[in-house]
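Asks: All you need for the working numbering is the position in the sequence shown, starting with 1, plus 3. Below is the structure I would like to discuss, written out as structure tokens.
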Amino acid sequence: MASHAANLWVLLGLGLAGILLMTKKLKKTIKADFGAFIQKLELLPPPQPAPPKAPHPLTGLSFAVSDVFDIEGYVTGFGHPDWLRTREASSRTSPVVLALVEGGATCVGKTVVDELTYSIHGENKHYSTPTNPAVPARFPGGSSSGAAVAVAANFVDFSLGIDTLGGVRVPAAFCGVIGFRPSYGIISNTGIIPVSTSLDTVGLFAKDPNVLLRVGLVLLQLPYSAQRNPKQILLADDCFQLLKIPADRVSHVVINSTEKHFGRQGLKHENLEKYFSSKVPSLKDFYSLKINGDSKISSLILLAEVAQFLQRYEFKCAHGEWINSEKPVLDSAISAQITESVDMTDKEIEICKSIRAEMRLAVSDLLKDDGILVIPTTAYPPPKLGSKEIFSEDYQNCVFSLLSIASISGCCQVSLPLGYYDKCPVSVSFIARHGGDRFLLDTVQTLYSSLQEHADTVDKSKLSHNAVKPEHSAETVKEKGNQAYKDKQWQKAIGFYTEAIKLSGNNATYYSNRAAAYLELGSFLQAEADCTKAINLDKKNVKAYLRRGTAREMLGYYKEAIEDFSHALVLEPTNKRAALSAERLRKVFQ
């Protein structure tokens, strides 16, 4: 233990020296422990069994736990001094912590969490915000901020946190470490302060995938067995469009690594917004009941609304009485959410239960036993300390749309670091079906080194917006145009399609899609010109013929319109729109 401590101090010295200049710029004192720990302690493992019995599986590993896990003789602080003041010391240690200690690991302390473990940014004005070792000028992420920082700064080999709506995944992404959210209900929450009982899951931070596997097997109570590899890797294209850095910076690393290990045949693409819209019908029931609007809002944003609503409601059920009686001083943003009226009727509770069940089934149907879903962990890089963007609607929608997928479905998810972009950590997440935790950990074991190699190659090449292949950037912009079109923002859609054409001018789809937007605005001459260009590039583009036929009909060119509809019918004989339009115009023309 003494040599281990000495090594930690050497690493700490190097770390502090490396960020001394940044400290001066921030005018912030960086603590020796980066502000990660709320309390130091030591829980030692039992003696090793005598040979020939195998040693404890976690021998030699140290860990810390977020200050929501009970440890006998210590008060669990929940990120707030008033909670600490009004609570007694725990009479027993959380079974999860005990299992790790009995497995051979040494617990060295409790770590800082956000106030009442409610936020995902890592701020705590009572105990100060832990310093992000990867980017000291930016948030470390929360709610399990200190646990992530302790691993990122090499104080411990692994740590435990609680993930409700990203409490482990977000700080893992922001601090550049691995963050694992197991399947809901797989690990006991006994001896842990609840935030939202239907969403809370014990989570795990580590830097080394081998440590992740060793600890994961103990937590999940699984024996070692033959490793399984995925047969399909599904990239959620619409989720990657939410990224505020070039999507290719993340997706290409995953694609290259997947192709290296499994070939191209296992790589597929998916639009989750459309998939969940069709597979989770109760989302519309929730929307009509709680928001009283039309049902055309994105299913991913609806998921985010459901998850946040559940969190507020269940948090208030668990802790509302204490808050009303003690009236603790809370951060204004947290206070606003907690005090918001969130009463739920029996019908609303049943709808939320239906959404969770439908989501779990939808993800299981999509992935089966051998599929991995790939999404960004967060849409944004770590925000700057004091930044107001974390309160913006776009930030909230993008971030919680991604985080709610695993939180609502209860499926397991792991966030993996992928180097840096613009001096900030980059990450990606893998999701497996509920109960597929071992399979997910196996996949990390298989792909982790390759992912790091490809990420390192990208970092060294200094990939930027200009370095991304134009055709890939054009596809990203086109998808933004499609979304704007879907939202009936015709002029905005035209702008995106025009940008896509500038990046890749030989794609018929871009011209045809812009023509569709022009038609909505009544710009029939521009629509006809775009369709003609699309047809010149692709003689089999049925949509271009249909749209040009519509434009020509509106311009009074009936004969030419009939020819376009007839040609579309030749290419696609079952197209009812082409058949009906041609027949209608023949009657008019006669």
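Where is the CB? At the ideal position from N, CA and C, for every residue including glycine. Owing to the predicted nature of the structure, the values given are computational and were not obtained by experimental measurement.
#1: Start and end of the beta strand (DSSP E) containing A435?
#2: Going by beta-carbon coordinates alone, are L364 and L370 separated by less than 7 Å?
#3: Measure the C-alpha to C-alpha separation of E361 and V283 and round it to an integer number of angstroms.
#4: Whose C-alpha, out of I354, K350, I411, L419, is nearest the C-alpha of T381?
#5: The beta strand (DSSP E) that contains S464, what's its start and end?
#6: CA-CA distance, A92 and L421?
#7: Leaving out five residues on either side along the sequence, give the residues of the same chain with a beta carbon under 7 Å from the beta carbon of F37.
#8: Taking P386 as the reference, give the member of F142, P379, L506 with the closest Cα.
#9: Could you give the uninterrupted runs of the alpha helix (DSSP H) lying entirely in the stretch 193 to 230, keeping only those of 4 residues or more?
#10: So, helix, strand or coil for H570, using DSSP?
#11: If contact is defined by three or more beta carbon pairs under 8 Å, each pair taking one atom from either stretch, is the stretch 93 to 103 in contact with the stretch 337 to 345?
#12: Would you say V171 and G179 are within 7 Å of each other, going by their C-beta atoms?
#13: With distances taken between CB atoms, is the gap from L292 to L305 smaller than 7 Å?
#14: By a C-beta neighbour count over all protein chains shown, 10 Å radius and 16 as the cutoff for buried, is S301 buried or exposed?
#15: Measuring CA to CA, which of G63, D85, T446, P50 is closest to Y130?
#16: Nearest CA to the CA of K34: which residue from V78, T120, G149?
#17: Please say whether V68 and E163 have beta carbons closer to each other than 7 Å?
#18: Could you check the C-alpha separation between D440 and F403 for me, to the nearest Å?
#19: Using the DSSP secondary-structure output, state which residues sit across from Y423 in a beta bridge.
#20: Under 6 Å Cβ to Cβ from A585, same chain only, skipping five residues before and after it: list those, please.
#21: Report yes if the C-beta distance between G484 and Y500 is below 7 Å; otherwise report no.
#22: For A554, which option in L572, E531, D541 has the closest C-alpha, if you only look at C-alpha atoms?
#23: Could you tell me whether the Cβ atoms of V71 and I165 are closer together than 7 Å?
#24: With H, G and I counted as helix, E and B as strand and the rest as coil, what does DSSP make of G144?
#25: Which ranges does the alpha helix (DSSP H) cover as unbroken runs of at least 4 residues, wholly within the stretch 83 to 164, from first to last along the chain?
#26: Considering only the beta carbon of each residue, do F281 and H437 sit closer than 7 Å?
#27: Please classify P379 as buried or exposed, where buried requires at least 16 neighbouring CB atoms within 10 angstroms.
#28: Compare the beta carbon distance of W493 and A537 with 7 Å and say whether it is the shorter of the two.
#29: Express the C-alpha separation of G82 and K113 in angstroms, rounding to a whole number.
#30: If you reduce the DSSP assignment to three classes, tell me which class C414 lands in.
#31: When the Cα of P50 is compared with those of I408, Q224, G106, Y561, which residue comes out closest?
#32: Ordered along the chain, which non-local residues of its own chain (more than five positions away) have a Cβ less than 8 Å from that of V309?
#33: Does the stretch 425 to 436 come within contact of the stretch 195 to 210, defined as at least 3 CB pairs closer than 8 Å?
#34: Please state if the CB of E317 and the CB of S452 are separated by a distance shorter than 7 Å.
#35: Evaluate G194 with the Cβ neighbour count: other Cβ atoms within 10 Å of its Cβ, from every protein chain shown; 16 or more gives buried, anything less gives exposed.
#36: Under the three-state reduction of DSSP, which class applies to D166: helix, strand or coil?
Replies: Let me lay it out:
#1: Counting along the chain, the unbroken beta strand (DSSP E) around A435 starts and ends at 427 to 435.
#2: no
#3: 5 Å
#4: L419
#5: That residue, S464, is in no beta strand (DSSP E); it is neither H nor E in DSSP.
#6: 41 Å
#7: P133, T134, P136, V152, A156
#8: It is F142 whose Cα lies nearest to the Cα of P386.
#9: 212 to 223
#10: In this structure, H570 counts as helix in the three-state DSSP scheme.
#11: no
#12: In this structure, the beta-carbon distance from V171 to G179 does not fall below 7 Å.
#13: No, these two residues do not count as a Cβ contact at 7 Å.
#14: Buried, by the Cβ-count rule.
#15: D85
#16: G149
#17: Glu is not the amino acid found at residue 163; the sequence shown has Leu there. Yes.
#18: 22 Å
#19: P428
#20: I565, F568, S569
#21: yes
#22: Looking at the Cα atoms, E531 is the closest of the given residues.
#23: Taking 7 Å as the cut-off, the beta carbon of V71 is found closer than this to the beta carbon of I165.
#24: coil
#25: DSSP assignment within the stretch 83 to 164 yields the following whole alpha helix (DSSP H) runs of 4 residues or more, N-terminal first: 84 to 88, 98 to 105, 148 to 155.
#26: Just to set this straight, residue 281 is Ser in the shown sequence, not Phe. No, Cβ-Cβ distance for S281 and H437 is not below 7 Å.
#27: It counts as buried.
#28: no
#29: 11 Å
#30: coil
#31: Taking only the C-alpha atoms, the option nearest P50 is G106.
#32: Closer than 8 Å at the Cβ level, and outside the excluded window around V309, lie L286, F289, C355, I358, S407, I411.
#33: no
#34: Going by C-beta atoms, S452 is not nearer than 7 Å to E317.
#35: buried
#36: In the structure shown, D166 sits in a strand (DSSP, three-state: E or B).
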